[in-house]
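Notes follow the structure.
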Amino acid sequence: MDEDSQHRLAADIDAEPWQSQLRRRVQHYGHRYDYGSRGVGDVPAPPLPRWAVTLAGRLRDAGHFDRRPDQVIVNGARRERMR
């Protein structure tokens, strides 16, 4: 992925809402991960956004997955820790 694509992807990710109940920011798509049980929980998560569908397809087409991923977890440092 070239540098411009990386910046666009980072901007697309950051434009989505973040949850911050953990020590880091997180986004869940497809299925919500339950950190207590360390597995997929019963609480639904939003569908994969366009950027994730595109990236998942590229990763599958490149042979990294047998099928298109249906779950994405994005982790990021909390903003106050980034300064």
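Counting with our numbering, you get residues 18 to 100 for the letters of the sequence shown.
Beta carbons: idealized from backbone N, C-alpha and C, even for Gly.
Quick one: give me the first and last residue of the alpha helix (DSSP H) that histidine 45 is part of.
Histidine 45 -> not in any alpha helix (DSSP H); beta strand (DSSP E) instead, spanning 42 to 46.
Any idea if tyrosine 46 is buried or exposed, counting beta-carbon neighbours within 10 angstroms, 16 or more meaning buried?
buried
May I ask which residues mark the beginning and end of the alpha helix (DSSP H) holding aspartate 21?
20 to 32
7 Å Cβ cutoff met for tryptophan 35 and arginine 42:
In this structure, arginine 42 lies closer than 7 Å to tryptophan 35 by Cβ.
Once the 5 residues before and after asparagine 92 are set aside, which same chain residues still bring their CB inside 6 Å of it?
Arg41 and Val43
What separation, rounded to the nearest whole angstrom, lies between the Cα atoms of leucine 76 and valine 57?
Each residue's Cα considered, the two are about 22 Å apart.
Pick helix, strand or coil for aspartate 78, following the three-state DSSP scheme.
Helix, per DSSP.
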